[in-house]
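What follows is one structure encoded as structure tokens, with my remarks underneath.
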Amino acid sequence: MYIIVSLAILVTMALALVRALLGPSVYDRVLAVNMFGTKTALLLSVVAFLYGRPDFLDLALAYALINFVGVLAVLEFIQKRSATREAEESGSAGHD
Amino acid sequence: MIDILSWILLVLGGGFVFVGGVGALRLPNFYTRMHAASLTDTMGTILILAGIMLQAGWSLATIKLIAILVFLLLTGPTATYALANAALLSGLKPDAGRTGDSRDRNEEDGRDNGQGDKP
Amino acid sequence: MTGSSNRPASILALCLILVTAWLLWSGIYKPLLLGLGTFSCILSVYVAYRLGFFRDSSGLHVIPRLPRYWGWLMPEIVRSSIDVARIVLDPKLPISPTVVEFEAAPKGPVGQAILGNAITLSPGTVTLDVYDGRLRVHCLTREGAESLLSGDANRRAADLTIH
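Chains as they are written, first to last, in this note's numbering: chain A, 1 to 96; chain B, 97 to 215; chain C, 216 to 378.
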């Protein structure tokens, strides 16, 4: 029964990966990567019981933490980069 | 009995996660895709972790699972809000109706949707 | 929002959470590890203090009322999850994306954060912006937007944080 659930999660991770590759905007990619990360945490907790190794739960929690901080860091980076780019091109580019 | 209940929860959770993944591919633009991601983040997470918790019984593993659940439910909306707000501030238009990504950025207005739908 | 008067209580609550987490996850009760735990707890509280974690009014008085709120939120989440799943699986994809803006009933940052998180948590509605006491919410369907504007979620979050 765990195998079915882990397969469902794996397929969803693959779909999220496809979305991350397709884009088209950078926010779609970040959304897909965030989804991929939370599904990894879920998959780790399922795998912990599939193989009977409860120490995987700690990894799941650590992965959830890293994923959250990572997504916020990427967003911060994107916003700062687009702000500086707008300042550089001031007015010439206009609204996309 | 508990076994059957936890299996039902696990399979339902797997189903919701899969539907969310399909939705992330099928839905036409960024803001609608966020709803699909939120589907996997809340319902899938709650159901799958609840199913595992029933299998674990009362042990340290259950407490850790509760911690993971609470953490995912706290950070999920926060990350989604940060993402949505960043996209909004960058000028991605949220009000395009059913159009796909390629078109909805060129059309600034002219759609009958609820931008002015104030209470 | 009583400001600084409940600051010791929130510092104590954070300490309690950190110590419990350390004791649960470490599982080894030797003097060296307990000392390291004490050190890291104190360090975390200090860093949180420097970050301004205790500067604003705390949301401690909300905690006893949370179970009832969750008891209301859970069925809502289940209902809207089934709705969104049905929409995604429908071959015609019957979505009608709508953006609504409304006044947040709870005043103060804690209540608005809880309201925004609850809206984002239920599939089909995502909070886009919280600014100046107003919320901007993106809804997947027009029906979802209408049920949001009927104000039940808003009122319950306000009840949660009222003194």
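Glycine included, C-beta positions come from ideal geometry on N, C-alpha and C. Remember, it's a predicted structure, so these values are computed and weren't measured experimentally.
Within chain C, partners of residue i - CB distance below 9 Å
i	result
Gly119(B)	Val299, Ala300, Ile302, Val303 and Leu304
Closer than 9 Å at the beta carbon, the chain B residues around residue i
i	result
Thr342(C)	Pro173, Thr176, Tyr177, Ala180 and Asn181
Gly49(A)	Looking at the sequence itself, residue 49(A) is Phe, so the reference to Gly does not match. Residues of chain B passing the Cβ test: Ile148, Gln151, Ala152 and Ala157.
Ile78(A)	Ala182 and Ser186
Leu42(A)	Gly109, Val113, Thr136, Gly140, Thr141, Ile144, Leu145, Ile164 and Leu168
Given residue i as reference, the closest of the options once Cα atoms are compared
i	options	result
Leu364(C)	Thr376(C), Leu233(C), Ile334(C) and Leu375(C)	Ile334(C)
Lys80(A)	Thr141(B), Ala182(B) and Val118(B)	Ala182(B)
Ser337(C)	Ala236(C), Trp237(C), Arg294(C) and Val262(C)	Arg294(C)
Gly111(B)	Arg19(A), Leu59(A), Leu7(A) and Gly70(A)	Leu7(A)
Tyr346(C)	Gly267(C), Ala372(C) and Pro324(C)	Pro324(C)
Leu239(C)	Leu44(A), Asn67(A), Ala64(A) and Asp58(A)	Asp58(A)
Gly379(C)	Ser362(C), Glu361(C), Pro321(C) and His353(C)	A query on residue 379(C) cannot be resolved here, the shown segment of chain C reaching from 216 to 378 and no further.
Ser255(C)	Arg280(C), Phe268(C), Phe269(C) and Leu229(C)	Leu229(C)
Gly267(C)	Ala373(C), Arg222(C) and Gly326(C)	Arg222(C)
Met159(B)	Ser45(A), Leu17(A) and Val71(A)	As written in the sequence, residue 159(B) is Ile, which differs from the Met given in the question. If we check each option's Cα against that of Ile159(B), Ser45(A) comes out closest.
Lys39(A)	Tyr27(A), Tyr51(A), Phe68(A) and Leu22(A)	Phe68(A)
Arg349(C)	Gly331(C), Ser225(C) and Arg357(C)	Gly331(C)
Asp137(B)	Tyr27(A), Leu22(A), Ala64(A) and Thr84(A)	Ala64(A)
Arg122(B)	Pro306(C), His353(C), Gly286(C) and Ala263(C)	Pro306(C)
Ile257(C)	Ile226(C), His353(C), Lys245(C) and Pro246(C)	Ile226(C)
Cβ-Cβ separation, residue j to residue i (assumed contact under 8 Å), whole Å
i	j	result
Ile164(B)	Leu15(A)	Their Cβ separation, rounded to whole angstroms, is 23 Å, which puts Ile164(B) and Leu15(A) out of contact at 8 Å.
Leu150(B)	Leu184(B)	About 40 Å separates the two Cβ atoms, so there is no contact after all.
Gly339(C)	Gly359(C)	5 Å
Gly109(B)	Leu143(B)	3 Å
Leu168(B)	Asn34(A)	The Cβ separation is near 11 Å, so there is no contact.
Val113(B)	Ile78(A)	About 27 Å; that fails the 8 Å criterion.
Ser259(C)	Leu233(C)	6 Å
Thr141(B)	Leu42(A)	6 Å
Trp237(C)	Gly252(C)	4 Å
Cβ neighbours of residue i in the same chain (closer than 8 Å, five flanking residues each side left out)
i	result
Leu308(C)	Ile302
Gly94(A)	For Gly94(A), the predicted structure reports a pLDDT of 48, less than 50, and the residue's modelled location is therefore unreliable. A value from the coordinates is still provided. For Gly94(A), where only same-chain residues beyond five positions count, there are no Cβ hits under 8 Å.
Arg194(B)	Low confidence applies to Arg194(B): its pLDDT is 45, below 50, so where it sits in the model is not reliable enough to give any reading.
Val5(A)	Val46
Glu76(A)	none
Ala263(C)	Leu229 and Phe269
Thr235(C)	none
Closer than 8 Å at the beta carbon, the chain A residues around residue i
i	result
Thr136(B)	Thr12, Met35, Thr38 and Lys39
Cβ-based neighbour list, residue i, same chain, cut-off 6 Å, excluding 5 preceding and 5 following
i	result
Ile3(A)	none
Val11(A)	none
Ile55(B)	Outside the shown range of chain B (97 to 215) lies residue 55(B), about which nothing can therefore be said.
Gly119(B)	Ala132
Ala32(A)	Ala16, Arg19 and Ala20
Asp213(B)	Note that Asp213(B) scores 37 on pLDDT, short of 50, meaning its location in the model is unreliable; the coordinates nonetheless yield the value given after this. So the list is empty, once near-sequence residues are dropped.
Gly326(C)	Ala372 and Thr376
Ala224(C)	Leu275
Asp344(C)	Arg351
Met13(A)	Phe36 and Lys39
Ile329(C)	Ala372
Ser311(C)	Thr356 and Arg357
Contact under 8 Å by Cβ, residue i with residue j
i	j	result
Arg351(C)	Glu318(C)	no
Tyr127(B)	Thr342(C)	no
Ala157(B)	Pro54(A)	yes
Val115(B)	Leu355(C)	no
Leu375(C)	Val299(C)	no
Phe36(A)	Ala48(A)	no
Trp103(B)	Met1(A)	yes
Ala152(B)	Leu72(A)	no
Arg370(C)	Thr313(C)	no
Tyr27(A)	Leu188(B)	yes
Ser186(B)	Ser90(A)	no
Beta-carbon neighbours of residue i, restricted to chain B and to distances below 8 Å
i	result
Val71(A)	Ala175, Ala178 and Leu179
Ser25(A)	Phe126, Ala183, Leu188 and Asp197
Ser296(C)	Phe112, Leu135, Thr138 and Met139
Ser82(A)	Ser186
Leu15(A)	Gly117, Val118, Ala120 and Leu121
Cβ neighbours of residue i in the same chain (closer than 7 Å, five flanking residues each side left out)
i	result
Leu106(B)	Ile144 and Gly147
Met139(B)	Phe112
Ser296(C)	Pro338
Leu248(C)	Ser241
Val30(A)	Val71, Val74 and Leu75
Proximal residues of chain B, C-beta to C-beta of residue i below 7 Å
i	result
Thr335(C)	Ser134, Pro173, Thr176 and Tyr177
Arg19(A)	Ala120 and Leu121
Gly331(C)	Tyr177
Pro338(C)	His131, Ser134, Leu135, Thr138 and Met139
Ser45(A)	Leu145, Ile148, Leu161 and Ile164
Contact set between residue i and chain A, taken where Cβ atoms lie within less than 7 Å
i	result
Leu106(B)	Met1 and Val5
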